[in-house]
Amino acid sequence: MPASAAIELVPEVTCPNCWHRFPAEGVRYISGHSNLAGDPRLEDRKEQRRFVPTRFTPEGAALDTMGTACRDLACPNCHLLVPRVLLERRSSLFLSIFGRPSSGKSYFLAAMMRQMKQSLPKLFALGVTEPHPPSNRLAQLYENSLFNHPNVDALVDLPKTQEAGAQWYQLVKFGDEIRQYPRPMFFQIAPLAGHPNAGKAARVARTLCLYDNAGESFEPGKDTPGNPVTQHMARSSGLFFMFDPTQEPLFLRACFGRSADPQVENNMRDKGQDAVIDPQHVILATADQNVKKYLNREIARPLDVPLMVIVTKFDAWKHLLGNSLPIFHTRPKVGGICRLRLSVLKEVSSRVRSLILEFAPALVAATERFSNHVYFVPSSATGCAPQVVGSDASGKPTYKFRVGDLHPEWVEVPLLWMLSRHVTGLVPTEVATNAGGS
């Protein structure tokens, strides 16, 4: 291979599944021949066997015992897939999304990735690509289900993120013990032509490793040594907590009769004890305890990791915040690019914090015990209310959205804000002002 085409590798790789650290040369390869299915460490018998190569093709591909050229890589500890991009000398950013079941997390993820790919190239000259598309099949499923239907009158929805299942989690055997690991998704964000740092793209580009967590995983007692579904949060560079106001009693009362969302009316109906649920700050407190446990930190001492509180379903409670959100970017000059308006984001964050302090004060207390850097971001993954289309086996209403009514609001903001904090020069921002913020 010519020197100009050589790939510079990181000296040490971090597995995005089990967090085992190993030198790049210690990576395992994934066999390709159909006769080599079934790895002794993996519960899924369809997984190909992992191996340490001893033979290579002239192009650098490893040869398995049947002589098939192999290029996919795996961790030597858990044997789960490690995308090649994580071995390249480019910085990675690990991020986690969590929240109560039905908080709108999967909808938010679908809308965020849709808007990131649609708006970042046009507004900020930033390209969003997928370095390992097979790892992102969940995000692709979410996005396709909502936004890629040709019929504007079609009614669509998303499946709930289940606590168990091969699409969401992977099972690994360590002796007699079976551990369950969340399946990460991978994205890469890099400057395009016209970006101020287009000439330094390799330096400022980032590979994002994103985890979507089932809300049930944060019930007390679920995070055991054999089920480490939240351990990756302790290693994350940023956390996104989905807060759904339509599941909070005081918010519901403030929205009842003033919201077009049928979920508000349904959640207000008298259902006896079935209507009593744990408040959302309990999930946040459980995650806080888990993260600090793995970091060996005092529970009362906030972490420095940024915590974005994404206040979902803005379309259902927008009357409490003036009915609309400001534009989060500057107007571009002719031939120029936009800049993120940090002063506007901080001002809106402060207003939303005040609102939550009024209706859910325990949540504000929990967030500020969790992190020294808390940001409140309103958003709507759909921009519209759903329609009631029937009921499930338990009699609960089922909802769907009309494709032509979908118009997400502010779903790009949490990730843009997180990137602007972590990566200098990646997201163009406005000149700092004296505007206050939370």
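Here the sequence shown is numbered in this note's numbering, starting from 22 and rising by one per residue. All C-beta atoms in this analysis are idealised placements derived from N, C-alpha and C, irrespective of residue type, glycine included. Predicted model only: the values in this text are computed from it and were never measured.
First and last residue of the uninterrupted beta strand (DSSP E) at Ser140:
From DSSP, Ser140 is part of no beta strand (DSSP E) but of the alpha helix (DSSP H) over 126-145.
Classification of Glu269 by the beta-carbon crowding that lies within 10 angstroms, buried from 16 upward:
buried
Cys10 and Phe43: beta carbons closer than 8 Å?
This structure cannot settle anything about residue 10, because the visible part of the chain is limited to 22 through 459.
When you compare each of Cys99, Ser117, Pro205 to Met439 by their alpha carbons, which one comes out closest?
Ser117
Quick one: Cα of Asp336 to Cα of Phe129, how far?
13 Å
Can Lys67 and Met263 be called in contact, C-beta distance under 8 Å?
no
Ends of the beta strand (DSSP E) at Ser371?
Where Ser371 is concerned, there is no enclosing beta strand (DSSP E), although the alpha helix (DSSP H) it sits in stretches over 363-380.
Compute the Euclidean distance between the alpha carbons of Val31 and Ala45, then round it to the nearest angstrom.
7 Å
What residues match up with Ser117 in a beta bridge as DSSP calls it?
Tyr232, Leu260
Okay, do the region 145-162 and the region 192-201 touch, 3+ Cβ pairs below 8 Å being the bar?
no
If Asn311 and Thr251 are in contact, beta carbons under 8 Å, what's the gap, nearest whole angstrom?
5 Å
Boundaries of the beta strand (DSSP E) in which Pro399 is found, first to last residue
395-399
Note down, in chain order, each residue of its chain lying with its Cβ closer than 8 Å to the Cβ of Gly293, except the 5 sequence neighbours on either side.
Residue placement at Gly293 is poorly supported in this model, since its pLDDT is 46, which falls under 50; the coordinates still yield a value, given next. None.
If you draw a straight line from the C-alpha of Pro429 to the C-alpha of Pro399, how long is it?
11 Å
Out of Cys405, Ala402, Leu384, which has the shortest C-alpha to C-alpha gap to Tyr396?
Leu384
Backbone secondary structure at Asn455 - three-state DSSP:
Caution is warranted here: a pLDDT of 48 is assigned to Asn455, below 50, making its placement in the model unreliable, and no coordinate value can be reported.
For Val365, which option in Thr89, Ala386, Thr450 has the closest C-alpha, if you only look at C-alpha atoms?
Thr450
What's the C-alpha gap between Ala381 and Ala275?
12 Å
Can you give the beta carbon distance from Asn218 to Gly446, rounded, assuming they're within the 8 Å contact cut?
5 Å
How long is the line joining the alpha carbons of Pro97 and Gly47, rounded to whole angstroms?
7 Å
For the beta strand (DSSP E) that Thr35 lies in, which residues bound it at each end?
33-35
From Ala132, Gly236, Pro347, pick the residue whose C-alpha is nearest to that of Val424; which is it?
Ala132
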